[in-house]
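For reference, the structure discussed in these notes is given below.
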Amino acid sequence: MLIQRIGCVRIRWLAALLLLAVATGSAAEPSAEGLIIVHAGQLLTVPGEPPQERQSVYIRDGRITSIRSGFERAEGATVVDLGEAFVLPGLIDLHVHLTTNPEPGGELDDVTRTGADLALVAAVNAERLLNAGFTTVLDLGTGRREHEEAVFALSDAIEAGRVAGPRVLAVGSPLSIPGQSRTARYRGDIEAVSGPQNVCSGADACRRTVREQVKRGADVISFYNTGSLLSVPSVPMTFTEAEMRAIVETAHALGRPVVADGGNTAGDASGINAALRAGVDSVDTVTYADEETWRLLNKTGAWFVPHLYAVVAAVGDTPQTLEQGSMGWLPRPILEFLFALKQEVPSAVDARKAGVRFAFGSDPGVFPHGENAREFAELVGVGLSPAEAIATATTGAAAMLWREAEIGSLEPGKRADLIAVEGNPLEDVRALERVIWVMKDGRDHGPLR
């Protein structure tokens, strides 16, 4: 009898617990408080795949939780109804210069502008980039500490929500060799305050410089693998292969991808090929390449990052148009070297034919920030389809940054970086120049037009 009574008690307790669960079942469901639902007429979740019609993107705490068919609502949730707009992942630009603008007198900036002044310049440019649909950017720096400190400070302020702007990843200051800058012929005391900062010679010194740059806050490491476009004279290869390997190995060991930033005007591909053999993750500003370049790019899987709109905007068709444009303040020998940038276009055509991987980097600072999306039409012009061009600034750029688990596509668990555009960019890639709404990390930055 005792066992029977104990059994009855257990059954009654179980029944009570079941009733309680039924009664409070709705309370166990996640609350709609803090939930955001975005209605998209067309939704491109993963560039390269077809868009889906009439989708609802569920967002909580800055991340996507689910994507559902139809326009759904939930009591207490915030609904962002974009109607029939085309929605896609926030764009990523792998080559920006936040502290610079295409203004006359730029050569004096290094000795007149303070870090505080540059931070204000960068903040204005960052907001322009966000409004243009770029939710993540990589700042490639200038080689000057004041610029580096301004960008690092801005990145922290944006992350803390104090300033509106894209997610800013930064190299700080690129690595270079002695005598590489346009300031190389300045008096020593003047170059000390206006020349590049991360100068190293020898593999051990370059390893140390990489470690120090990471300590200062670099998310990515960059080095000039050829004579820079702003160098006199330009040379096809700067660092030795041993130095390049030391840079890449040290950066990778510290979890940082590496950019080889070229701009070689000497008509020789040895510098870019050496950088690829060293294991860099991307090559930027490729003016001269050869068959070995394409073979190495395909073998290593490194990303090819051209700046085609920068050629159109800053260089022009003749040396005279360059001289009269935004870069006209530079000395004539450098303007002559800059005109060689036009070689980037045929290099990109050859890269496309060779089947290498493209990623997006437009180089604003040479042209006004916010015009970055004009690069897409230039990419289509060298042979990419609109879908492929979009992928360069989403899945491709995210992979180059080693952040494909966080950004680059719209999937549950990823950051809620979404933009809406006027028109279908898969049919007309210039629709990406008509951004009408931006969300970054689940924060709605409102309709833009």
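Just so we're aligned: the sequence shown equals residues -27 to -1, 1 to 422 in mature numbering (1 follows the signal peptide of the UniProt record, and there is no 0).
Yeah, the Cβ is synthetic: ideal placement off N, Cα and C, and Gly gets one too.
Please read these numbers as outputs of a predicted model, since none were measured by experiment.
DSSP has ARG268 in a bridge; who is on the other side? Beta-bridge pairing links ARG268 to no other residue.
Where does HIS68 fall in DSSP's three states? strand
Every unbroken beta strand (DSSP E) inside the region 213 to 263 [3 residues or more]: 231 to 234, 255 to 257
Note the first and the last residue of the continuous beta strand (DSSP E) segment covering LYS188. Careful: LYS188 lies outside any beta strand (DSSP E), inside the alpha helix (DSSP H) at 176 to 189.
Rounding to the nearest angstrom, what Cα-Cα distance links ALA(-7) and GLY190 in this structure? Its pLDDT being 41, under 50, ALA(-7) is placed unreliably by the model, and nothing is read from it.
Can you look up LEU148 in the DSSP assignment and give me helix, strand or coil? strand
Under the rule that 16 or more other beta-carbon atoms within 10 Å means buried, what is THR367, buried or exposed? buried
Comparing alpha-carbon positions, which option in GLU119, ILE392, VAL94, ARG403 lies nearest GLY419? ILE392
Within 8 Å (strictly less), CB to CB, does PRO139 reach chain B? Chain labels in this structure do not include chain B; a single protein chain is all it has.
What number of angstroms, rounded off, separates the C-alpha of TYR197 from the C-alpha of VAL52? 47 Å
So VAL278 packs on PRO230, CB below 8 Å; how close in whole Å? Not quite, the Cβ-Cβ distance comes to about 12 Å (not below 8 Å), so this is no contact.
Coarse secondary structure for ARG388, derived from DSSP in three states: strand
Within the same chain, show all residues whose beta-carbon is closer than 6 Å to that of VAL11, passing over the 5 residues directly before and after it, in chain order. VAL30, VAL53
If VAL124 sits next to THR72, beta carbons under 8 Å apart, how far is it from one beta carbon to the other, in whole angstroms? 6 Å
From what residue to what residue does the alpha helix (DSSP H) around ILE131 run? 118 to 132
Nearest to ASP112 by alpha carbon, out of SER174, ALA378, LEU374? LEU374
In the structure shown, what three-state DSSP assignment does ASP414 receive? coil
Helix, strand or coil: how does DSSP classify ASP90 here? helix
Neighbourhood of VAL329 by C-beta distance below 7 Å, restricted to the same chain and skipping five residues each side: TRP267, LEU270, ASN271, PHE277
Measuring alpha carbon to alpha carbon, tell me which residue in LEU67, ARG86, PHE333, ALA137 is nearest VAL97. ALA137
N- and C-terminal bounds of the alpha helix (DSSP H) containing VAL318: 317 to 327
Opening and closing residue of the alpha helix (DSSP H) in which PRO359 lies: 359 to 364
On the premise that HIS280 lies in contact with SER258, defined as a C-beta separation below 8 Å, what is that separation, rounded to the nearest angstrom? The residue asked about is misnamed: residue 258 is Thr in this sequence, not Ser. Yes, THR258 and HIS280 are in contact; Cβ-Cβ is about 6 Å, under 8 Å.
Unbroken alpha helix (DSSP H) run spanning GLY354, endpoints: 347 to 354
Where VAL339 falls: helix, strand or coil (DSSP): coil
Helix, strand or coil: how does DSSP classify THR273 here? helix
Could you have a look at VAL284 and say whether DSSP puts it in helix, strand or coil? helix
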